[in-house]
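Enquirer: The numbering used here applies: residue 78 is where the sequence shown begins, and numbers increase by one. Glycine included, each C-beta is placed from N, C-alpha and C at the ideal position. Sharing a structure below in structure tokens format, with a few things to ask.
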Amino acid sequence: MKKIFILIGIFSMFLVNCFILSAAQTVNLNGSSWQLSRIRQNGVNLEIPRNTKITVSFSGNKISGFSGINRYNGTYRVRNNTTLSTDISTTLMGGSEELMNFEMAFLDILQSSPKIDYNKGTLTLRNSNGDTLNFNKSSNSNDQSDENFLSRLTKELSGTDWKLVNMNGKEVRNAGITISFSGNKINGNSGINSYFSDYIITAGNITIGTVGSTEMAGSDSLMKTEKQYLELLQNAKKIELVNKTTLVLTTNRGKTLTFEKL
């Protein structure tokens with residue numbers, strides 16, 4: 078009888094341990110948001126661009142985030158309780174070669190059916206080549222704050238027109254340079270030509286897609302000013318709306334474009 082009780086006890090402990098192990102290994106990413114802290118590809122750690130918040134969020138079977146230049150979204154599922162399978166589409170904005178290469182590396186790894194390893198504060202995605210994405214947990218309140226900021230600033234800018242008054246410390250009020258916002262599009266006059274592009278704002282950062290323009294010629298002085306403006310506009314990273322009447326765009330090197338509202 079004593080042996081029977083011992084066997085029953087051992088069997089019960091075995092069942093409990095199996096249940097605990099199964100529960101501990103169940104992958105559930107629903108409702109979580111993460112910020113990239115490290116990326117490794119082909120055995121090399123890639124530098125995350127400064128002032129760039131690379132993110133991934135999971136909600137139901139939906140996946141979304143910001144990949145450096147573009148926003149992405151789609152669906153995902155966890156296969157065999159170990160592997161992330163995604164079907165993702167992105168916006169189609171352009172950026173610097175450095176940012177585009179980084180974004181491509183990030184999305185390649187995210188879509189390469191990586192294995193999932195996570196706990197309360199970190200998420201690691203590692204594919205069969207050893208390429209790795211490491212994330213830290215983001216608080217939902219901070220994410221919501223970022224989204225509210227994005228929505229509010231984009232809404233405030235949409236439908237507004239601005240005149241360039243200062244270009245990196247130089248008065249250019251009479252150059253006739255303008256910028257207008259409509260949805261996620263910008264357009265304006267760069268002094269000689271009309272230009273256009275798209276843009277996205279993420280928590281105080283702005284990414285402007287490849288700028289296109291007409292190809293009219295002008296005086297050497299006007300063409301020089303126009304070229305400088307378009308280069309600074311293309312490389313703008315920070316955006317600040319001051320008192321709703323002044324708009325400042327700043328590059329990573331601290332060069333500024335200051336506009337007044339029309």
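Could you tell me the distance, in whole angstroms, from the CA atom of LYS301 to the CA atom of ASP208?
Expert: Numbered from 1 along the sequence shown, position 224 holds the residue referred to as residue 301. Numbered from 1 along the sequence shown, position 131 holds the residue referred to as residue 208. About 44 angstroms.
Enquirer: Roughly how many angstroms lie between the CA atoms of ASN282 and LYS130, to the nearest whole one?
Expert: On the sequence shown, position 205 is the one that residue 282 refers to. On the sequence shown, position 53 is the one that residue 130 refers to. Rounded to the nearest angstrom, the two C-alpha atoms are 9 angstroms apart.
Enquirer: Does the count of Cβ pairs from the segment 170 to 186 and the segment 114 to 126 closer than 8 angstroms reach three?
Expert: Counting Cβ pairs under 8 angstroms, three or more are found: they touch.
Enquirer: Using C-beta distances below 7 angstroms, list every residue in its chain close to GLN311, excluding the 5 sequence neighbours before and after it, in chain order.
Expert: Position 234 of the sequence shown holds residue 311. Closer than 7 angstroms at Cβ, skipping near neighbours: ILE285, VAL288.
Enquirer: By the 10 Å Cβ neighbour count, where 16 or more other Cβ atoms means buried, how is THR291 classified, buried or exposed?
Expert: Locating residue 291 in the sequence shown gives position 214, counting from the first residue. Exposed: under 16 other Cβ atoms inside 10 Å.
Enquirer: Suppose contacts are defined by Cβ-Cβ distances below 8 angstroms. Is SER162 in contact with SER136 by that definition?
Expert: Taking the first residue of the sequence shown as position 1, residue 162 is located at position 85. Taking the first residue of the sequence shown as position 1, residue 136 is located at position 59. Going by C-beta atoms, SER162 is not nearer than 8 angstroms to SER136.
Enquirer: Within 10 angstroms of the Cβ of ASN320, are there 16 or more other Cβ atoms? Answer buried if so, exposed if not.
Expert: Looking up residue 320 in the sequence shown gives position 243. With fewer than 16 other Cβ atoms within 10 Å, it is exposed.
Enquirer: Counting Cβ pairs, one atom from each stretch, are 3 or more of them under 8 angstroms apart for the segment 249 to 269 and the segment 302 to 309?
Expert: Yes, the segment 249 to 269 touches the segment 302 to 309.
Enquirer: Tell me which residue opens and which closes the beta strand (DSSP E) that ASP194 is part of.
Expert: Working through the sequence shown from its first residue, we reach residue 194 at position 117. It spans 192 to 195 - the beta strand (DSSP E) in which ASP194 sits, taken as one unbroken run.
Enquirer: Can you give me the Cβ contacts of LYS332 inside the same chain, cut-off strictly under 6 angstroms, excluding the 5 residues immediately before and after it?
Expert: Within the sequence shown, numbered from 1, the residue matching residue 332 stands at position 255. ASN245, LEU309.
Enquirer: Excluding the 5 residues preceding and the 5 following GLY145 in the sequence, name in chain order all residues of the same chain whose CB lies nearer than 7 angstroms to its CB.
Expert: Sequence index remark: in the sequence shown, residue 145 carries index 68 (1-based). Contacts found: PRO126, THR129, ILE131, LEU176, PHE179, GLU180, PHE183.
Enquirer: For the alpha helix (DSSP H) containing LYS301, name the first residue and the last one.
Expert: In the sequence shown, counting from the first residue as 1, residue 301 sits at position 224. Its alpha helix (DSSP H) spans residues 297 to 311.
Enquirer: Have a look at ASP275 and ASN261 and give me their C-alpha separation to the nearest angstrom.
Expert: By 1-based counting over the sequence shown, the position of residue 275 is 198. By 1-based counting over the sequence shown, the position of residue 261 is 184. Distance between the alpha carbons of ASP275 and ASN261 is about 6 angstroms.
Enquirer: Would you identify the three-state DSSP class for ILE277, choosing helix, strand or coil?
Expert: As a first step, residue 277 must be located in the sequence shown, where it is residue number 200. In the structure shown, ILE277 sits in a strand (DSSP, three-state: E or B).
Enquirer: Measure how close the beta-carbons of TRP239 and GLU337 come, nearest whole angstrom, since I'm counting them as under 8 angstroms.
Expert: Residue 239 sits at position 162 when you count from the first residue of the sequence shown. Residue 337 sits at position 260 when you count from the first residue of the sequence shown. That pair is a contact at about 7 angstroms.
Enquirer: With H, G and I counted as helix, E and B as strand and the rest as coil, what does DSSP make of ARG229?
Expert: In the sequence shown, counting from the first residue as 1, residue 229 sits at position 152. Looking at ARG229 - three-state DSSP - the assignment turns out to be helix.
Enquirer: Suppose the cutoff is 8 angstroms on Cβ atoms and the five residues either side in sequence are ignored; what does the same chain contact list for ALA34 look like?
Expert: Outside the displayed span of the chain (78 to 339) sits residue 34, for which this structure offers no information.
Enquirer: With distances taken Cα to Cα, identify the nearest neighbour of SER173 among GLY253, LYS314, LEU318.
Expert: Residue 173 sits at position 96 when you count from the first residue of the sequence shown. Looking at the Cα atoms, LYS314 is the closest of the given residues.
Enquirer: Let me check understanding here. Comparing Cα to Cα, which of GLY108, GLY151, LYS232, MET170 lies closest to PHE273?
Expert: Your numbering for residue 273 matches position 196 in the sequence shown. For the residues GLY108, GLY151, LYS232, MET170, the minimum Cα distance to PHE273 belongs to MET170.
Enquirer: Among the residues of its own chain, which have a CB less than 6 angstroms from the CB of LEU234, if the five just before and after it don't count?
Expert: Residue mapping note: residue 234 aligns to position 157 of the sequence shown, counting from 1. So the qualifying residues of the chain are PHE258.
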